[in-house]
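K.L.:
My questions all concern the structure below.
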């Protein structure tokens, strides 16, 4: 029981960490892409990189969310 509870806490913590990272990366990407579209500086590549990192972190949050919900 203790092992199951500690693994659930771990998966829940990992989900929360990746969810927060996804939000931070998405905010950063939107700021950089906004600067690109307003013509201030050329941050398109960096904005797209942060968008990809946001997607990857969001997928990992989804993965860990399923890991602690579907445990038997």
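Numbering (my numbering), first residue to last: 2 to 73.
We treat Cβ as the ideally placed atom computed from N, Cα and C, and that holds for glycine.
Everything numeric in this text was worked out from a predicted model, so none of it was measured.
Taking the straight line between their C-alpha atoms, what separation do you get for residue 55 and residue 39?
P.N.:
In the chain shown, counting from the first residue as 1, residue 55 sits at position 54. In the chain shown, counting from the first residue as 1, residue 39 sits at position 38. Straight-line Cα distance between these residues: approximately 22 Å.
K.L.:
Between the stretch 61 to 68 and the stretch 25 to 41, do three or more beta carbon pairs fall short of 8 Å?
P.N.:
The answer is no - the stretch 25 to 41 does not touch the stretch 61 to 68, with fewer than three Cβ pairs under 8 Å.
K.L.:
At 4 residues or longer, what runs of the alpha helix (DSSP H) sit wholly inside the stretch 35 to 69?
P.N.:
Whole alpha helix (DSSP H) segments, 4+ residues: zero.
K.L.:
Would you tell me roughly how many angstroms separate the C-alpha atoms of residue 19 and residue 41, rounded to the nearest one?
P.N.:
Residue 19 sits at position 18 when you count from the first residue of the chain shown. Residue 41 sits at position 40 when you count from the first residue of the chain shown. For residue 19 and residue 41, the distance between alpha carbons rounds to 31 Å.
K.L.:
By a C-beta neighbour count over all protein chains shown, 10 Å radius and 16 as the cutoff for buried, is residue 32 buried or exposed?
P.N.:
In the chain shown, the residue the question calls residue 32 occupies position 31. So residue 32 ends up on the exposed side.
K.L.:
As a quick exercise: from 11, 12, 50, 16, pick the residue whose alpha carbon is nearest that of residue 59.
P.N.:
The residue labelled residue 59 in the question sits at position 58 within the chain shown. Nearest option by C-alpha distance: 16.
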